[in-house]
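Numbering (our numbering), first residue to last: 753 to 1167.
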């Protein structure tokens, strides 16, 4: 009688008791355990009892886990991993914005059940990040999305979302991307008179307000010079430096843009090229991420709007570790700033808001108002002119006295 038999068999002296032997000599036991019909077999009767005991232990553990999950919800990391699977299927740029927040949340709340996490804990975690308002808001949105996966899942049937109950911490630093300086805008305007492959990139941004991926996916065939519009229907995303053609960021990103005279003039020297020529790089394929960074920095470096960054790195060559230094140039202005400038130009030109929304590829006006629209000097002057005109007309209609800029009386009150 072995120790294993003592551990698993009801009758260690006769382990075959309670088992059925097949004609081929295999011992088996069939019974219903936790509502499931199970069969265990082996040529060794002790092994049959061991398999049965292992199954019962696993079934008990599964039942306990199901009971805890029903009462407290699944583990946070299980739901976070499910949400990450959804994020991994998103566009590369979108996933890049969410993945760091998922990793931080998973690390912080690992081992906790979904219903155990309280709103005050989420608020404390957000405050402890010590990040800017926008980044913190992104982390809160990720937590909300994780809980939404828990609620929507037919497996978990969640009914609890503490992230919705949490308000953003106060006093977080805010940063807002601004349009390019007027000097930088003027540099691009002058470059349009004598365009090259580097300046064409900046001209595109100024005259279209496109996102970077959209601009890099534009070909000459997307421009209708006769009707005067540009068709935006796709974008470029970079994975490991290599470009891939994909859809626009949102459905609203598929749109038509007006072809401005400045861009038409800049494209004139290249209209003879094939329709499939990409405007950025003037090649048959979209440019790589490294090409883009290098040429964007080179253009602004020529005009004194780039700064050098020293980089040190090591490489093993010939069995020896060698140290290298490299100078990279970074432009002082980014492409997305010209998207802000373009929105301001639409406002200054008096383009109706409902038209401007579609031109820039947004679903509604909220993003334009909160992020992209900035009060420029031109807007202030236009506002002053309109207010002065309104006051002059209203005073004149009321027969009131008003003064011009020099303090001279412009009208007299009637008797």
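Idealized CB from N, CA, C, for every residue including glycine.
- Out of curiosity, what's the CA-to-CA distance linking residue 1145 and residue 1139? 10 Å
- Query: Rounded to the nearest angstrom, how far is the Cβ of residue 965 from that of residue 1094, given a contact under 8 Å?
  - Reply: About 16 Å separates the two Cβ atoms, so there is no contact after all.
- Query: Among 994, 864, 1136, 891, which has the Cα closest to the Cα of residue 856?
  - Reply: 891
- Task: Express the C-alpha separation of residue 900 and residue 771 in angstroms, rounding to a whole number.
- Result: For residue 771 and residue 900, the distance between alpha carbons rounds to 50 Å.
- Item | Boundaries of the beta strand (DSSP E) in which residue 996 is found, first to last residue | 994 to 998
- Message: Rounding to the nearest angstrom, what Cα-Cα distance links residue 1100 and residue 1130 in this structure?
- Response: 7 Å
- Using only alpha-carbon positions, find the residue among 818, 788, 981, 1087 that is nearest to residue 1008. Of the listed residues, the one whose Cα sits closest to residue 1008 is 981.
- Between the beta-carbon of residue 700 and the beta-carbon of residue 989, is there less than 8 Å? Absent from the model: residue 700. The displayed extent of the chain is 753 to 1167, so no value can be given.
- residue 1076, enclosing beta strand (DSSP E) - first and last residue: 1072 to 1083
- Message: Closest to residue 851 by C-alpha separation, out of 794, 832, 863, would be which residue?
- Response: It is 832.
- Query: Does the beta-carbon of residue 906 have 16 or more other beta-carbons within 10 angstroms, so that it is buried, or is it exposed?
  - Reply: exposed
- With burial defined as no fewer than 16 other Cβ atoms inside 10 Å of the residue's Cβ, what is the status of residue 1052: buried or exposed? Under this definition residue 1052 is a buried residue.
- Task: Please work out which residues of its chain come closer than 6 Å, Cβ to Cβ, to residue 1061, disregarding the five sequence neighbours upstream and downstream, and give them in chain order.
- Result: 1080, 1082
- Item | Closest residue to residue 1058 among 1038, 1086, 1032, 1037 (Cα-Cα distance) | 1086
- Query: Got a sec? Which residues, its chain only, sit under 7 Å from residue 1055 by beta carbon, not counting five neighbours each side?
  - Reply: The answer, listed in chain order, is 939.
- Query: Mind checking residue 955: buried by the 16 CB within 10 Å criterion, or exposed?
  - Reply: buried
- Three-way DSSP call (helix, strand, coil) for residue 1010 in this model: strand
- Given a threshold of 16 other Cβ atoms within 10 Å of its Cβ, counted over all protein chains shown, does residue 895 qualify as buried or as exposed? Under this definition residue 895 is a buried residue.
- Straight-line Cα distance separating residue 1073 from residue 1088: 40 Å
- Query: Taking one C-beta from the stretch 820 to 831 and one from the stretch 779 to 792 each time, how about it: are there three or more such pairs within less than 8 Å?
  - Reply: no
- Complete runs of the beta strand (DSSP E) confined to the stretch 771 to 834 [at least 3 residues]: Residue ranges of uninterrupted beta strand (DSSP E) with 3 or more members, entirely inside the stretch 771 to 834 and ordered along the chain, are 779 to 785, 788 to 794.
- Task: Look at the alpha carbon of residue 1137 and the alpha carbon of residue 957, and state the distance between them as a whole number of angstroms.
- Result: 30 Å
- Task: Return the CA-CA distance between residue 762 and residue 817, expressed in angstroms with no decimal places.
- Result: Here the alpha carbon of residue 762 sits roughly 28 Å from the alpha carbon of residue 817.
- Query: Since residue 983 is in the beta strand (DSSP E), which residue starts that stretch and which ends it?
  - Reply: 981 to 984
- Query: Which residue's Cα is closest to the Cα of residue 795: 948, 779, 809, 1116?
  - Reply: 779
- Could you check which residue in 757, 811, 1037 has the C-alpha nearest to that of residue 704? Any question about residue 704 goes unanswered here, given that the chain covers just 753 to 1167.
- Quick one: what's got a C-beta closer than 8 Å to residue 884's C-beta in the same chain, skipping five residues either side? 924, 925, 926, 927
- Return the CA-CA distance between residue 877 and residue 913, expressed in angstroms with no decimal places. 16 Å
- Query: For residue 1145 and chain B, any beta-carbon pair shorter than 8 Å?
  - Reply: Reference to chain B is not applicable here, since this structure consists of a single protein chain.
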